[in-house]
Structures are given as C-alpha cells and as structure tokens.
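A.B. asks: Got a structure for you, questions after.
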Amino acid sequence: MQELLYAAIMAFAIAIIAGPLFIPMLRRLKFGQSIRQEGPERHYAKAGTPTMGGIVILLALVIASLVFAGKDPEVLLALFVTLGHGLIGFLDDFIKVVLKRSLGLKAKQKLLGQIIMALALSYIASIYFGRGTDLWIPVLGASVDFGALYYLLIFLVLVGTTNAVNLTDGLDGLAAGTTTVAALAYAVIALAFGKPHLAIFCVAMAGACLGFLRYNAYPAKVFMGDTGSLALGGALAAVAVMTKTEFLLVIVGGVFVIEALSVIIQVISFKSTGKRVFKMSPIHHHFELSGWSEVKVVTVFWLAGTVFAAVALSILAVSRAGGI
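In terms of UniProt numbering, the numbers along the sequence shown are unbroken and rise by one, the last being 324.
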C-alpha cells in the first residue's frame, strides 16, 4: 500500500515540477492551440494557449510506473499501449499545430495505429499472459469466452475509449479531472483482481493528471492535446483489458461514454433529419451554450464521473460477493 502512495506522490511531483519547464518551451516553439470557429465565443480567447502538454502527464506516469512497478510485464504492456497512443496523438498535434494542417493525421493513419495497438494488446494479453479470450461480466460475476470475436471487441474498446477521452478534452481540466477519478477507481479494481502492479500504474496516472491540473485547470495555461487524451484513453483501456473488466469500463468511464454518444446522436440526427439534438456537441458545449460557466460544467462532470466510479465499484463488490 505504501508503494501506491509513493507512486502517486512521485507522479504528482514530477508533473508539478515539469510544468514550468515544458510550458514556456511549448510557448517558445509556438505550439499554440487553434480554436474551432463554430465553438463557443468565450473560447476564442484561448487561441494560442500551448498544447501538447500531455508530454508532462506521460513523463510523470512513465517514471513513477517504472520506479515502482517497472519489472511487471503487464505494467510494461500498459505503458507500451499508453505511449503508442501518445505517439499517435503527438503526430496528430504536430501536424495540426506545427505543419498547420488543421485535420492532423488522416483517419486511415490513426486507424492503422490503433489497429496495431489493439492487436498487440489483445495478442500479448491473451496468449503471452495466458489471459484467454473471455470477458468478465459485471453483476453476474462470471466470465464468457468470446472466441475470435474477442479481438474485435478489444479493438472497439481501445478505439472507443481513446476517442471518448479525446472528445471529453474540450474544457479546461475536464479530461484530466475525469481521468483522475477513473484511474483511482481502476486502482481499486486492479487490487480486487489481484494485480497490485497495475494498481500502481493507475495511481501514477491519477497523480500525473492531478499534477497537470495545476496548469490545466481554468484558466488553463496549457492543454494536453491529443498527445495526452489519446494516451490516457489507451491507458484506461489497457488496464481494463488486463483486469478483464472491459464491460465495467463503460460504467467507470460513464462521462466519456456520454460525451461520445452525444456526438454520435448529433451526427445521426443532423444527417437524417437536418435537426440538431444538442446546441453543440460534445455535450459539454451544449451546457456552455445553455448558459453554464465553464467551471460549473467541469465541476458537474467531475461529480458525475465520481458517481459513475462509485456505481462501478458497487457493482464490483456485488459481483465479487457472488453476483445475482
């Protein structure tokens, strides 16, 4: 238990120390965020704020994880998936910010990278670690073997989680705060499934996000960019896969799910009827345009994330007690 605390403190401290070192450098390199013209007008003032700050999160997460759990192969796999998605995000940010190509990586390029990550994660987890192709079903407390379909499901989990966290990263501190809550919940889940080293990885993630919030909370001095959001989504998905709790991730990451669903609903509605369900998607912008302050939206979403995490842990407790 002491290692959990030490890992969280180290990751937090590294992020706090690294912030003042990296933020001025990103500003000097003119790695500034561009703002969507169709977005809320209050966001225009954020144009030029340094982005790609996810490097700070990754630095803190990697160092703390390696120091306290670096010999564990599952942690190394989680770091591989995290850094792999971080690289995809970094390339996307670099193309958009430095090369001034607004769309960043092409969809096919992103998809190829995510396919490689999904194949590596699913194959190593199922074959090398002997995890098999079964998925644990919450509440029932039982596992079901999905056979070859398992690999498709892991791909969907990875792509869905990384993109959902990426969509959530639209307000100051929103993604970092909700990821902190989700990571802490997964630390408990990892311990429940007898994986203390993955729990260390999770608390390191939480500590890194909390440290980053020192500079990312409203008014943000730096944004994590796709470098951070894709990496954090990959990290959560990797832990879910290695604890066999992919279905539980849907509840733990309830805020991320709602954000992604709001975009899907908006697109389907507009293309089929020409009407929008929300004033703007993802849904956090809907509340902004409804008159909520940015701080209020973020606070409410953090609280919602905490409720989702509590529900997920309650379901875990029921399931571990024998299910229904």
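Glycine included, each C-beta is placed from N, C-alpha and C at the ideal position.
Closer than 8 angstroms by C-beta to G132: which residues in its own chain qualify, once you throw out the five before and the five after it? Chain order, please.
C.D. replies: Cβ within range, chain order: S126 and D145.
A.B. asks: Looking only at its own chain, which residues have a Cβ that is under 7 angstroms from the Cβ of F270, when we skip the five neighbours before and after it?
C.D. replies: For F270, where only same-chain residues beyond five positions count, the Cβ hits under 7 angstroms are R276.
A.B. asks: Give every residue of the same chain whose Cβ lies closer than 7 angstroms to the Cβ of V257, excluding the five residues on either side of it in the sequence, and list them in chain order.
C.D. replies: The answer, listed in chain order, is A164 and V250.
A.B. asks: Please go through the same chain and pick out, in chain order, the residues whose beta-carbon is closer than 6 angstroms to the beta-carbon of P138, but skip the five residues on each side of it.
C.D. replies: Once the five neighbours on either side are set aside, the close Cβ partners of P138 are F247, L248, I315 and S319.
A.B. asks: Taking just the CA atoms, how far does G253 sit from V263?
C.D. replies: If I take the Cα positions, the gap works out to 16 angstroms.
A.B. asks: Is the Cβ-Cβ distance between F22 and V56 less than 7 angstroms?
C.D. replies: Yes, these two residues count as a Cβ contact at 7 angstroms.
A.B. asks: By DSSP, does V165 sit in helix, in strand, or in coil?
C.D. replies: In the structure shown, V165 sits in a helix (DSSP, three-state: H, G or I).
A.B. asks: Verify whether the separation of the beta carbon atoms of A204 and L61 is less than 7 angstroms.
C.D. replies: Cβ distance < 7 angstroms, so A204 and L61 count as in contact.
A.B. asks: Can you check which of these residues, T168, P219 and G274, is closest to W302 by C-alpha distance?
C.D. replies: Here the closest residue by C-alpha is T168.
A.B. asks: Please state if the CB of F193 and the CB of G53 are separated by a distance shorter than 7 angstroms.
C.D. replies: Cβ distance not < 7 angstroms, so G53 and F193 don't count as in contact.
A.B. asks: Going by the DSSP bridge assignment, what does residue 329 pair with across the sheet?
C.D. replies: Within the shown structure, residues of the chain are numbered from 1 to 324, placing residue 329 beyond reach of any answer.
A.B. asks: Tell me the rounded alpha-carbon separation between L87 and L111.
C.D. replies: Each residue's Cα considered, the two are about 13 angstroms apart.
A.B. asks: Does the count of Cβ pairs from the segment 195-215 and the segment 5-22 closer than 8 angstroms reach three?
C.D. replies: Because the criterion of three Cβ pairs below 8 angstroms is met, the segment 195-215 and the segment 5-22 touch.
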